[in-house]
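Trainee: In this note's numbering, the protein residues as written are 21 to 139.
(1) Report the residue ranges of all beta strand (DSSP E) runs contained in full by the stretch 29-110; include only those spanning at least 3 residues, in chain order.
(2) What are the boundary residues of the alpha helix (DSSP H) that includes residue 124?
(3) Compare the Cα-Cα distances from residue 112 to each of 94, 134, 88, 48 and report the closest residue.
(4) Output yes or no for whether 8 Å exceeds the beta carbon distance between residue 59 and residue 87.
(5) Measure the C-alpha to C-alpha separation of residue 126 and residue 48 and round it to an integer number of angstroms.
(6) Could you give the distance in angstroms between the alpha-carbon of residue 41 and the alpha-carbon of residue 65?
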């Protein structure tokens, strides 16, 4: 019976660590400049394209979010590493239109200025 208790505690700890992304990389960058807030958050690793205009990949089950003024972008990868995007609270999708590509490029460059790097 004592062994069962240990097993249940161990399962609970594993579930907690997985649910909270503990053990993985979690980064938050928040800046407030005269009431204008910029927030960058990601779990796992996010890599940008060499020209710093898009997301090359995000580690499996990772996520990245960017908010600056009226622009809000969320990007999540599945277990296979396929990235899906959500712009300003809309639906998740994988194919970006030209306006979304431009918004993503501006966000990526801003994240690079704020200290995010591919290293």
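Beta carbons are placed, not taken as given, at the ideal position from N, Cα and C, and that holds for glycine.
Mentor: By the coordinates alone:
(1) 46-53, 56-63, 66-68, 75-78, 83-88, 91-97, 103-107
(2) What you label residue 124 is simply residue 104 of the chain shown in a count that begins at 1. Its alpha helix (DSSP H) spans residues 118-133.
(3) Translated into the one-based positions of the chain shown, residue 112 becomes position 92. That would be 94, whose Cα lies nearest to the Cα of residue 112.
(4) Translated into the one-based positions of the chain shown, residue 59 becomes position 39. Translated into the one-based positions of the chain shown, residue 87 becomes position 67. The answer is yes: Cβ separation under 8 Å.
(5) Taking the chain shown and counting its residues from 1, one reaches residue 126 at position 106. Taking the chain shown and counting its residues from 1, one reaches residue 48 at position 28. So the two alpha carbons sit approximately 19 Å from each other.
(6) Counting from one through the chain shown, the residue named residue 41 turns up at place 21. Counting from one through the chain shown, the residue named residue 65 turns up at place 45. Because the pLDDT of residue 41 is 48, which lies under 50, any placement of that residue in the model is unreliable, and the number read from its coordinates should be weighed accordingly. Spanning the two alpha carbons is a distance of roughly 12 Å.
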